[in-house]
Amino acid sequence: MQQILSWSASAEMILDARIAKNVPEGFTDLAVEKCQTEISDIASQLPQTARTAHARAAVVMLNGLISAAHDEIGHGRLEQGHQHIAELHRYQAEQRSTLGAGG
Amino acid sequence: MKKLLQISLGIVTSVGGFIETGQIATSAQAGAAYGFSLLWAIAIGTVCLIFLIEMSGRFAIASHHTVADGMRERFGSNYFLLTLLIVSIVNLLVLASEIGGVTLALQFVSGVDYQWWALPVAFIVWLLLWKGTFGMIEDGVAILGLVALCFVVGVFVMDPPWLEVAKGLVPTLPDKQPLHYGFIAVSILGAVIAPFLFLFYSSGAIEEKWDKSFFGANRVISTLGMSFGAVIAAAILIVAALAYPPRGITDIEGYDQIAPILTPALGKWGFYLFAASLGITCLGAALEASLGQAYLVAQGFGWNWSEDAKPRTNPAFSLVYTGFIAVAFMPIAIGVDPLQLTIFSMAITALALPFGVVPFLFLMNDRNYVGDHGNGWISNTAVLVIIGLSFIVALITIPLQIFGG
Numbered sequence: 001m002q003q004i005l006s007w008s009a010s011a012e013m014i015l016d017a018r019i020a021k022n023v024p025e026g027f028t029d030l031a032v033e034k035c036q037t038e039i040s041d042i043a044s045q046l047p048q049t050a051r052t053a054h055a056r057a058a059v060v061m062l063n064g065l066i067s068a069a070h071d072e073i074g075h076g077r078l079e080q081g082h083q084h085i086a087e088l089h090r091y092q093a094e095q096r097s098t099l100g101a102g103g
Numbered sequence: 104m105k106k107l108l109q110i111s112l113g114i115v116t117s118v119g120g121f122i123e124t125g126q127i128a129t130s131a132q133a134g135a136a137y138g139f140s141l142l143w144a145i146a147i148g149t150v151c152l153i154f155l156i157e158m159s160g161r162f163a164i165a166s167h168h169t170v171a172d173g174m175r176e177r178f179g180s181n182y183f184l185l186t187l188l189i190v191s192i193v194n195l196l197v198l199a200s201e202i203g204g205v206t207l208a209l210q211f212v213s214g215v216d217y218q219w220w221a222l223p224v225a226f227i228v229w230l231l232l233w234k235g236t237f238g239m240i241e242d243g244v245a246i247l248g249l250v251a252l253c254f255v256v257g258v259f260v261m262d263p264p265w266l267e268v269a270k271g272l273v274p275t276l277p278d279k280q281p282l283h284y285g286f287i288a289v290s291i292l293g294a295v296i297a298p299f300l301f302l303f304y305s306s307g308a309i310e311e312k313w314d315k316s317f318f319g320a321n322r323v324i325s326t327l328g329m330s331f332g333a334v335i336a337a338a339i340l341i342v343a344a345l346a347y348p349p350r351g352i353t354d355i356e357g358y359d360q361i362a363p364i365l366t367p368a369l370g371k372w373g374f375y376l377f378a379a380s381l382g383i384t385c386l387g388a389a390l391e392a393s394l395g396q397a398y399l400v401a402q403g404f405g406w407n408w409s410e411d412a413k414p415r416t417n418p419a420f421s422l423v424y425t426g427f428i429a430v431a432f433m434p435i436a437i438g439v440d441p442l443q444l445t446i447f448s449m450a451i452t453a454l455a456l457p458f459g460v461v462p463f464l465f466l467m468n469d470r471n472y473v474g475d476h477g478n479g480w481i482s483n484t485a486v487l488v489i490i491g492l493s494f495i496v497a498l499i500t501i502p503l504q505i506f507g508g
């Protein structure tokens, strides 16, 4: 889960940088796609047990929020993109505290 | 004045070999995962490298032999062939990683997938070697490579807690994931003490016809040049430690994560300066790794060799780097992840380290080669420590790669 959250936070950093026009669109598209692929790949390696069900659900949520933010930013709707990023940030923080509580 | 210029260029040139894809990747990984606490690995690796580089230059000046020449003559063909095989595998992996670094830099600025850039980059590396001279390649790439100083600028813009940074220079045990910590420490050592650097350096001394008046310059270039490179490597680690952990990024598993490393400090310029640093330093390292391999083979088999000569006067030498580049670009062209390849190549470099280091102990104490310019007790102690370190690193590399990589 730690690796998944690192990739998700990387996507957030890249999208944030895109909103500030600090990185080009082509880079953003490829890099965000790479982050999502890595998140999905790591999740697919999780065993299909009840204990990992929460992690799999979190992966779906994280990838959904990344896609939504990427889509909005890609269409120039920066305000909406920013809102999705803020939501992604909150969700990651929740997952991190859950992970910390679970040891 | 001319010598001062040569020394200055020599110092700047050192950045070209020191900062490359492995150094950038391992420093960024270390900073993201463990903050400043792995700075000591860069410092120790740099001290070892300074001794080895100084010795390879001194050996070339005193004996008019390169280190590869000396290894073959002193230890015989069998030992040389074994070393050649091992160093060639390491060089091939390093070259593939460097080509990967240039292709990634191009991907970042163009948005075109890195795989498509593999062949054009390999062709440019080959063309520069085919048409260029030693001085043009060394000095040109080195001066362009100064762009990597942007990481040092980034450190000052981000204003780190300097006391914490200083504490990182003292080796400490980590409070989490000791195997992963060990693996990254070993990878940093592998990235810093790359055999192609000191094999290349002695060939460069012969190419540039260093005579006995260069003993002092060699000492200055090896010490200041490698320290200069180490400062930039440390700056990458510090910037990573400041940029990533506060954002929740503690695992760096891809270059896409490293690309925005300078944007918190330098904004849009940070992104393009990072891409330029990655592309130029990796191009420089790719040229050095290709040339280093051609030098090693040609010197070992007694062929004509010189980057300054036309390819038709030393065809076998030119054929070696041509074939080497043709093989090395393939992993990147078929889509092998450049960062994974880099990390693997750093670990294999660490594994191969004893083969490159042990000969120094004998060559630098053989009066037939170095006359009165052999090692004193400080240099011999340093070599023994480096040999001990290289064996420890080689022994723990594979277990760490499996359990901590």
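Chains as they are written, first to last, in my numbering: chain A, 1 to 103; chain B, 104 to 508. We put the CB at the ideal spot given by N, CA and C, even for glycine.
For residue 96 (chain A), the C-beta contacts it makes with chain B under 7 Å involve 351, in order along the chain. The closest CA to that of residue 308 (chain B), considering only B:206, B:322, B:137 and B:136, is found on B:322. A distance below 6 Å between beta-carbons, with the five flanking residues on each side excluded, links residue 260 (chain B) to the following residues of its chain, in chain order: 368. Proximity of the stretch 433-448 of chain B to the stretch 239-257 of chain B falls short of the contact definition, fewer than three beta-carbon pairs being nearer than 8 Å.
For residue 371 (chain B), the neighbours in chain A by C-beta distance under 7 Å run, in chain order, 21 and 22.
Our two residues, residue 373 (chain B) and residue 363 (chain B), have alpha carbons roughly 7 Å apart in a direct line. Going by beta carbons, residue 271 (chain B) and residue 140 (chain B) fall inside the 8 Å limit. For residue 403 (chain B), the closest alpha carbon among the candidates B:156, B:174, B:125 and B:161 is that of B:174. The stretch 416-433 of chain B and the stretch 174-187 of chain B do not touch, with fewer than three beta-carbon pairs separated by less than 8 Å. By the rule that beta-carbons nearer than 8 Å mark a contact, residue 10 (chain A) touches chain B. DSSP places residue 73 (chain A) inside the alpha helix (DSSP H), whose first and last residues are 50-74. In terms of CA proximity to residue 241 (chain B), B:304 leads the group B:304, B:381 and B:326. Distances from the CA of residue 172 (chain B) to each of B:426, B:454, B:463 and B:486 were compared; the closest alpha carbon is that of B:463. At least one C-beta of chain A is nearer than 8 Å to the C-beta of residue 362 (chain B).
Cβ neighbours of residue 194 (chain B) within its own chain (closer than 7 Å, five residues either side excluded): 299, 392, 395 and 396. Within the stretch 319-395 of chain B, the complete alpha helix (DSSP H) runs of at least 4 residues fall at 358-361.
Per DSSP, the continuous alpha helix (DSSP H) segment holding residue 256 (chain B) begins and ends at 253-261.
One thing to note: residue 294 (chain B) has its Cβ within 8 Å of the Cβ of residue 125 (chain B). Below the 9 Å Cβ cutoff, chain A contributes 24, 25, 26, 27, 28, 29 and 30 as neighbours of residue 214 (chain B), in chain order. Bounds of any alpha helix (DSSP H) do not take in residue 23 (chain A), whose DSSP letter is neither H nor E. Taking 8 Å as the upper bound for CB-CB distance, residue 221 (chain B) and residue 379 (chain B) are not in contact here, some 19 Å apart.
Taken atom to atom, the span from the alpha-carbon of residue 53 (chain A) to that of residue 45 (chain A) is near 12 Å. Per the C-alpha coordinates, the member of B:138, B:123 and B:422 positioned closest to residue 232 (chain B) is B:422. Proximity of the stretch 190-209 of chain B to the stretch 381-388 of chain B meets the contact definition, three or more beta-carbon pairs being nearer than 8 Å. Its chain contains 280, 283, 284, 287, 353, 354 and 355 as the residues whose beta carbon lies nearer than 8 Å to that of residue 136 (chain B), once the 5 sequence neighbours on both sides are disregarded; these appear in chain order. Ranked by Cα distance from residue 37 (chain A), the options A:67, A:26 and A:23 are led by A:67. Using a Cβ-Cβ cut-off of 8 Å, residue 402 (chain B) does not count as an interface residue toward chain A, since no Cβ of chain A sits closer than that to its own.
The straight-line gap separating the alpha-carbon atoms of residue 262 (chain B) and residue 371 (chain B) is approximately 19 Å. Taking 8 Å as the cut-off, the Cβ atoms of residue 85 (chain A) and residue 62 (chain A) do not count as close. Residue 218 (chain B) carries a helical assignment under DSSP once its states are collapsed to helix, strand and coil. Neighbours of residue 45 (chain A) in chain B, taken as residues whose beta carbon is under 8 Å from its own, are absent, since the nearest beta carbon is some 13 Å off. Neighbourhood of residue 356 (chain B) in chain A, by CB distance below 8 Å: 3, 6, 7 and 38, in chain order. For residue 13 (chain A), a Cβ of chain B is located within less than 8 Å of the residue's own Cβ. For the options B:469, B:147, B:451 and B:223, the alpha carbon positioned closest to that of residue 176 (chain B) is the one of B:469. Taking C-beta separations shorter than 7 Å and ignoring five residues to either side along the sequence, the partners of residue 65 (chain A) in its chain run 84, 87, 88 and 91, following chain order.
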